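Engineer: Here you go, one structure.
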Amino acid sequence: MAQNKTKKDIHPFLNELAILFPVAILAGLGLIMIHSASASISFSEHGTAFHYVQKQLVFCALGFLVMFIAASVPYKILNPLAYIILVSAFIFLAAVKIPGLGVKAGGAYRWLKLGGMSFQPSEFTKLAMVIFLAYSLNKKQEQIHRFFVGFFPHLILLGLLSLLILSQPDLGSVVILGAITWGMMFVAGVRLLHLASLIPIIIPLVYFQVYKIPYRMERLFAYLYAWDDPQDTGYQITHSLKAFGSGGLFGKGIGLGMQKLHYLPEPHTDFILSIIGEELGLFGVLIILVLYGIILMRGARIAKEADTLFGTLTAAGLTIALALQVTINTGVTMGLLPTKGLTLPFLSYGGTSLLISMAGMGILMNIGSHKKS
Amino acid sequence: MAPGKKPDSKAKTNQGINARITFLQWALVFVMLLLAMKAVDIQIFQSSELTQKAEKEYIRQITVNGKRGDIVDRNMKKLCITIDTLSVAANPRMVVDASATAKKLAEILGVNRKKLQKNLESKKSFVWIKRKISPSESEKIKKYNFKGIFFKDDLIRFHPQKELAAQVTGITGSDGKGLEGIEFQYNKILNGESRRITIEKDAAGRYYSEEKDLRDKLKGDTIVLTIDSTIQFIAEKALEQAVTEHKAKSGMAIVMIPSTGEILAMAHAPAFNPNSFTDFERDRWRNRSVTDPFEPGSTMKVFVAAAAMELEIATPMSIFFCENGKYRVGRSTVHDTHEYEWLTLKQIIKYSSNIGAIKLSEIMGKKQLYNTLLSFGFGKESGIECPGDSPGLLSHYDRWSAIDTAAISFGQGISVSAVQLINAISAIANGGTLMRPRIIKEIKDSNGEIRQPFVPESIKRVISKSTAIKVKDMMRAVVEEGGTATQADLNGYSVCGKTGTAQKVSKSGGYSKSRYTALFAAFAPMENPELAVLVVVDEPPKSHYGGVVAAPAVKKIFSESFHYLKIPPDINTKTEHNQ
C-alpha cells in the first residue's frame, strides 16, 4: 500500500517513462530529420532552409505542453464529455465543407483554417472516436454481445463519420478509423461472429472506393506494379525504396541523402521514414520500430491494468490508433501497402498530427497512473 | 460520473478483455517483425540493386571541358577571352504558373512567348529558355524568383576590342568550337583538356559539383599573336579611310617585319563585330589576306627585275626599247600608260612600263620567270598559321603561251594572296631571304609559361644581297619625284615601294575596263627596313591607280607606326627646316 502511495505521488507525466522517453527521442529525431529532409525544398519554396523545422519546433513545444496537460487531467473526466467531443468532431468535419473555413490542399479539402492556424479535423476525429467508443462500449458492456447493442450502432456511427471524411476525400483516415472501431469492439468483447461479418461488407466497399476514383486506382497500381512505371504512378514508391536501399546498414549519414533533393515527394511528411532509412540506414529504422514497440507495449499494459473499463478501452483505443498509424505508414514507405497519405506519429512534419498524438499519449499516461488495486 | 459497473461481472469481463488485448499485442509483434524483415530485405539484400537504381538518377558521368584559352596580341593585350555567364533553364514540372512566367520571361529576354509557354507546360524535367544571357537579364529574372526557373553556369567568347583583328582571331560558335581564323586553326590547343568526372544532381537537374573550378583548372593554352594591337588599329583606320574615301568594295592591309616574317597587323575592310558575328555577312568573317588571291598587277615587275639582275641579264642601267607604248605579242597588243622609247631597267620599275617588263621576260624565258616567281613563294602556300592558306594561281610554264608569259611579267594571269605578296616584298627588303610569314609569336599555358615558342624561319635565299640592294634602289625611285607612288613619300624616311593597278577578270572572260585592284607594296627605311606594308583596295570606282588609292594609306601606316615604334628618321629632307 505504501509503495502504491509513493508511486501515486509522482506526476503521471514522469511516471510513464516508457512513453515519455521514446516519444521525446522520436520527436527530437523528427526535428533533425525534418530539417535534413526539408532544407532543400524549404529553400526553393520559402527562400530559407529552416521554414519547416522552425514551425515543427513550435509544434513540438506545444505538443509536450498538451501531453503534460492531458497527463495531469484525470482521464475519467472524458467519460461524460464523450458526446460533446463526438459532436465537435462532426462539426469540424462538416466545417471543412464551408467555403472560407475549409482549405484545399493537394486536390482535397482536409484542412480547417481557424484564426491563422491550420487544423486537420480527420486527425481529431480519430481521437474523438477512441473516446466515444470507450464511453459507449463501457456503457453497453452488459449487453455487448448483442448485435444491435454492442455492434450495429457503432457501425452506423463509423459509417456516418466515414461518409464525411470520404467526401474530403481521405480514404486513409477512413481505413484507420474503421480499424480503430473494429479493434476497440474486439477488445470490448463484441462477438467475433459480428466482427467477422464486416469482412464481406468492407471488401466490396473498399473495392468500390478504389475503382470509382481514378487516383486511388493509380496508387493501387503504383503499389502493385511500381517498377513497371517508375517515372509516373510508381514514382513515390520506387524512390522510397531507392532511399531505403541506398541507405544500407548504417546509412549515408544525416544530411547526406539524395532522395530528398526533389526526387522523393513529401520527404519531410509521409515519407520521413524513407529519408531516415537513407541517412541512418537499417540501424536507424530498427531503432525507430523498437521505440514505437516500447510505447505500444506500454500502452497495452496500461490498458490491462487500468482501474476502470473506460480506462482500459480508452488506453486500448489510443494504443491501437498509434499502432495502426505506425504500421500503415511504415508499410507504405516500404512498398508493402498502397500509398495512403498518412503521417508517422511524432516523426513526420505536421502540427495537427503531432498535437493529437501527444494528447493521446498524455491521456494514456494519466490512465497509467490509475491502476486497479 | 462513475462507470457504474457491477464488481462481480467486471472481473470476468476483464479477463476476456485482457486476453483480447494480449491477442492484439501478439498481432502487433507479428506485424512489427514483418516490417523489420522487410526493412532488412530492402536495406541489406536489395541494397546494392536499389543503390544502383538510385545512383543512375543522380550520378552522371559528364565531360568537363577546360575553359577556352585566350588569344592575345604580342604585348599580351587581350583579343579573345572567355567569360563566365549564365544560361537560364526551366524544370517545367516545377513551374507553377506557366502562362504568367512565360509572359514575364519573354518580356525580359525577348524570346517568343507562345513557344516559351508551350515549353514550360511540357512534361519534361529540363528545357533551355535562353543560353548566355546578359547580367542585367539575370538580375531581373532573379528578382521575380520564379518557381522551376533556374540558372546554369555558361561561358561566352568575348572580344574586348570588338572589330580589332577580328578576321585574324576568327570567331567561336556558341558550342565553343572555333569557326574561323586562329580560333578555328588552333581550336584544340585553345580548348584545353577535358576530363570525365562523376557528378551528383537533384531531380531538378541542378548539379552539385566542382565543375566550375575544374573548368578553370583545365583551361586551354593562350595563343600570343605577333599582331600589335596599336599597329593593327593604325592599319585598320588607314585602310578604312582609303576604302571609304574611294568608295571601294573592300580592302586589305598587312604590316610585316621583313627580317623575321612577323605580321604586326592584318587589317580588313569592311569590318565586323565578332561579338555579334551573326549580324554580319559570312563574307566578312574570313581572313581574306590569306584566303583570297587576286591578280597583283605591276607589283610583279620588281621580281622580274630582281631575276634579270640575279641572272645577270641586265643591270639597273641596261636600256630597253619600249616600243612607243604599243607592243604586239602574238595576236594581242599590250599598252603602256605613257609612251616610252628607251627606258633603263630602273626606269621600267619607276614608271611601271608593261612593255619593259615583257622585254625582260622575253630575254630570260618563261622557265626562268616561272622559277623566279616560285622561289619568291608564289604558287604555293605561304606557311602562315592561319586557316585557308591559299597557294594562289601560278600555272606551270609548260602551259604558258607567249602572251601568258608577257602578261605574267606585269602581274596578269597570276594570282597571289596578300600575305604571299608582302612576304615576297619583305624578302627583297631584308636583303634577299624569304622568311616564313608568321602570325603566332608563342603559345603559353594557362599559368603563363611558354609551352611552344615560334622562332623566325628562313625558307631560302632568293636573291643575293647585292641584287636586293639594286632592287631596293629602284623601288625607292618609285616613291621619289616622277615615280608612280609619290604620294607615299614620307618625310624623313626612305620609303621604297611598287604600285600595282590590276584590271580584274570580268565575268565574260576578258579583263574588265572598270573594275580594278589598286595596290601598293612598300618597305622602309631603305637600308634596314623595319616594316613592310601592303595595302590592297578592291574596286575603287573612280581613280584606280595603286599610287593614288593605296599609296597614301601606306604612307599613313608608316608614319604612325614609326612614331609609335619610335623608329628614327633615316634621311634628311628639304622639309626638315620647316618643322
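Residue numbers (the UniProt record's numbering), protein chains in the order written: chain E, 1 to 373; chain C, 1 to 579.
Even for Gly, the Cβ is constructed at its ideal location relative to N, Cα and C.
It should be emphasised that the depicted structure is a prediction, and the values quoted were computed from it without experimental measurement.
I'd like to know if K124(C) contacts chain E, where contact means its C-beta is closer than 8 Å to some C-beta of that chain.
Structural biologist: The residue labelled residue 124(C) in the question sits at position 124 within the second sequence. It does not: the Cβ of K124(C) has no partner Cβ on chain E nearer than 8 Å.
Engineer: Taking just the CA atoms, how far does A82(E) sit from M1(C)?
Structural biologist: Along the second sequence, read from residue 1 onward, the residue named residue 1(C) stands at position 1. Along the first sequence, read from residue 1 onward, the residue named residue 82(E) stands at position 82. In this predicted model, M1(C) has a pLDDT of only 41, less than 50, meaning its place in the structure is not dependable; the value taken from the coordinates is given anyway. Their Cα atoms are separated by approximately 12 Å.
Engineer: Closest by CA to N145(C), which one among G47(E), G100(E) and V96(E)?
Structural biologist: Residue 145(C) sits at position 145 when you count from the first residue of the second sequence. Nearest of G47(E), G100(E) and V96(E) to N145(C), Cα basis: G47(E).
Engineer: What three-state label does DSSP hand H335(C) in the structure shown?
Structural biologist: Locating residue 335(C) in the second sequence gives position 335, where the first residue counts as 1. Note: H335(C) maps to strand in three-state DSSP.
Engineer: Could you tell me the alpha carbon to alpha carbon distance between A303(E) and E49(C), rounded to whole angstroms?
Structural biologist: Here residue 303(E) is taken as the residue at index 303 of the first sequence, counted from 1. Here residue 49(C) is taken as the residue at index 49 of the second sequence, counted from 1. The alpha-carbon atoms of A303(E) and E49(C) are separated by roughly 44 Å.
Engineer: Determine the closest residue to A522(C) out of Q503(C), A238(C) and K498(C), with distance taken between C-alpha atoms.
Structural biologist: Counting from one through the second sequence, the residue named residue 522(C) turns up at place 522. A522(C) has its Cα closest to that of K498(C), out of Q503(C), A238(C) and K498(C).
Engineer: Quick one: measure Cβ to Cβ for V479(C) and L434(C), integer angstroms, because I've assumed they're closer than 8 Å.
Structural biologist: Here residue 479(C) corresponds to residue number 479 of the second sequence, with the count starting at 1. Here residue 434(C) corresponds to residue number 434 of the second sequence, with the count starting at 1. 23 Å between Cβ atoms; not a contact.
Engineer: In angstroms with no decimal places, state the Cα-to-Cα distance between N329(E) and L286(E).
Structural biologist: If you number the first sequence from 1, residue 329(E) lands on position 329. If you number the first sequence from 1, residue 286(E) lands on position 286. C-alpha separation (whole angstroms): 15 Å.
Engineer: Considering only the alpha carbon of each residue, which of A134(E), I295(E), F21(E) and M365(E) lies closest to N79(E)?
Structural biologist: Along the first sequence, one-based indexing puts residue 79(E) at 79. If we check each option's Cα against that of N79(E), A134(E) comes out closest.
Engineer: Using 8 Å as the Cβ pair cut-off and three pairs as the minimum, do the segment 304-311 of chain E and the segment 266-281 of chain E touch?
Structural biologist: Short answer: they don't touch.
Engineer: Among the candidates A407(C), T169(C) and Q347(C), whose CA atom is the shortest distance from the CA of E362(C)?
Structural biologist: Taking the second sequence and counting its residues from 1, the one referred to as residue 362(C) is at position 362. With distances taken between Cα atoms, E362(C) lies closest to A407(C).
Engineer: Work out the CA separation of T230(C) and K260(E) for me, nearest whole Å.
Structural biologist: To locate residue 260(E), count along the first sequence from 1; it is residue 260. To locate residue 230(C), count along the second sequence from 1; it is residue 230. Roughly 58 Å separates the two Cα atoms.
Engineer: Counting only Cβ pairs nearer than 7 Å, list the residues of chain E close to V31(C).
Structural biologist: Numbered from its first residue, the second sequence carries residue 31(C) at position 31. Result: T327.
Engineer: Please state whether the Cβ-Cβ distance between Q412(C) and G377(C) is less than 8 Å.
Structural biologist: Counting from one through the second sequence, the residue named residue 412(C) turns up at place 412. Counting from one through the second sequence, the residue named residue 377(C) turns up at place 377. No, the Cβ-Cβ distance between Q412(C) and G377(C) is not below 8 Å.
Engineer: Please state the DSSP three-state secondary structure of A19(C).
Structural biologist: Counted from its first residue, the second sequence places residue 19(C) at position 19. Correct three-state label for A19(C): helix.
Engineer: Excluding sequence positions up to five away, which residues of its chain have a Cβ less than 7 Å from the Cβ of I180(E)?
Structural biologist: For the purposes of this step, residue 180(E) is taken as residue 180 along the first sequence, with counting starting at 1. If we look at I180(E) and ignore the five residues flanking it on each side, its Cβ neighbours are K126, M129, V130, G317, I320, A321 and L324.
Engineer: For a cutoff of 8 Å on Cβ pairs, would you count Y144(C) as touching chain E?
Structural biologist: Here residue 144(C) is taken as the residue at index 144 of the second sequence, counted from 1. It does not: the Cβ of Y144(C) has no partner Cβ on chain E nearer than 8 Å.
Engineer: With a threshold of 16 other CB atoms inside 10 Å of the CB of N572(C), please say whether the residue is buried or exposed.
Structural biologist: The sequence position of residue 572(C) within the second sequence is 572, counting from 1. Exposed is the call here.
Engineer: Would you mind telling me which residues of chain E sit closer than 7 Å to E57(C), beta carbon to beta carbon, in chain order?
Structural biologist: Translated into the one-based positions of the second sequence, residue 57(C) becomes position 57. The contacting residues are Y263.
Engineer: Could you check how far apart the C-beta atoms of T372(C) and F294(C) are, in whole angstroms? I think they sit under 8 Å.
Structural biologist: Here residue 372(C) refers to the residue found at position 372 when the second sequence is read from its first residue. Here residue 294(C) refers to the residue found at position 294 when the second sequence is read from its first residue. Not confirmed; about 20 Å, so no contact.
Engineer: Would you list the residues sitting across from H268(C) in a DSSP beta bridge?
Structural biologist: As a position in the second sequence, residue 268(C) is number 268, starting the count at 1. The partner list for H268(C) (beta bridge, DSSP) reads M252(C).
Engineer: Taking the beta carbon of K359(C) as the centre, do at least 16 other beta carbons fall within 10 Å, making it buried, or is it exposed?
Structural biologist: Against the second sequence, residue 359(C) aligns to sequence position 359. By the neighbour-count rule (16 or more Cβ atoms within 10 Å), K359(C) is buried.
Engineer: Given a cut-off of 8 Å, decide if S36(E) and I254(E) are closer than it, judged by their beta-carbon atoms.
Structural biologist: Locating residue 254(E) in the first sequence gives position 254, counting from the first residue. Locating residue 36(E) in the first sequence gives position 36, counting from the first residue. Yes.
Engineer: Short of 7 Å Cβ to Cβ, which residues in the segment 233-253 of chain E face chain C?
Structural biologist: If the cut-off is 7 Å between Cβ atoms, the segment 233-253 of chain E has L241, K242, F244, G245, S246, G247, G248 and L249 near chain C.
Engineer: Would you say T330(E) lies against chain C (beta-carbon separation less than 8 Å)?
Structural biologist: Translated into positions along the first sequence, residue 330(E) becomes position 330. By this cut-off, T330(E) is an interface position.
Engineer: Do the segment 128-148 of chain C and the segment 228-245 of chain C make contact, defined as three or more Cβ pairs closer than 8 Å?
Structural biologist: The answer is no - the segment 228-245 of chain C does not touch the segment 128-148 of chain C, with fewer than three Cβ pairs under 8 Å.
Engineer: Should T315(C) be labelled buried (16 or more other beta-carbon atoms within 10 Å of its own) or exposed?
Structural biologist: By one-based count along the second sequence, residue 315(C) stands at place 315. Classification for T315(C): exposed.
Engineer: What is the DSSP secondary structure of C60(E), reduced to helix, strand or coil?
Structural biologist: Position 60 of the first sequence holds residue 60(E). Correct three-state label for C60(E): helix.
Engineer: Any C-beta of chain C within less than 8 Å: which residues of the segment 294-305 of chain E qualify?
Structural biologist: Hits within the stretch, in order: L296, M297, A300, A303 and K304.
Engineer: Give the interface partners of A316(E) over in chain C, defined as CB-CB distance under 7 Å, in chain order.
Structural biologist: Residue mapping note: residue 316(E) aligns to position 316 of the first sequence, counting from 1. Simply I21.
Engineer: Under three-state DSSP, which class holds L286(E)?
Structural biologist: As a working mapping, residue 286(E) is identified with position 286 in the first sequence. Helix.
Engineer: Residues of chain C with CB under 9 Å from F186(E), in chain order?
Structural biologist: Your numbering for residue 186(E) matches position 186 in the first sequence. Correct list: R20, F23 and L24.
Engineer: If I follow the unbroken alpha helix (DSSP H) through L374(C), where does it start and stop?
Structural biologist: Taking the second sequence and counting its residues from 1, one reaches residue 374(C) at position 374. N354 to S375 is the extent of the alpha helix (DSSP H) around L374(C).
Engineer: Considering only residues of the same chain and omitting the five flanking positions on each side of L14(E), which have a CB-CB separation below 8 Å?
Structural biologist: Locating residue 14(E) in the first sequence gives position 14, where the first residue counts as 1. Taken in chain order, the residues that qualify are L20.
Engineer: Quick one: what does DSSP say R146(E) is sitting in, helix, strand or coil?
Structural biologist: Within the first sequence, the letter at position 146 stands for residue 146(E). Here R146(E) sits in coil by DSSP.
Engineer: If you run the structure through DSSP and keep just helix, strand and coil, what is G4(C)?
Structural biologist: Position 4 of the second sequence, counted from the start, is the residue given in the question as residue 4(C). Note on G4(C): pLDDT 44, under 50, position unreliable in the model; no value is reported.
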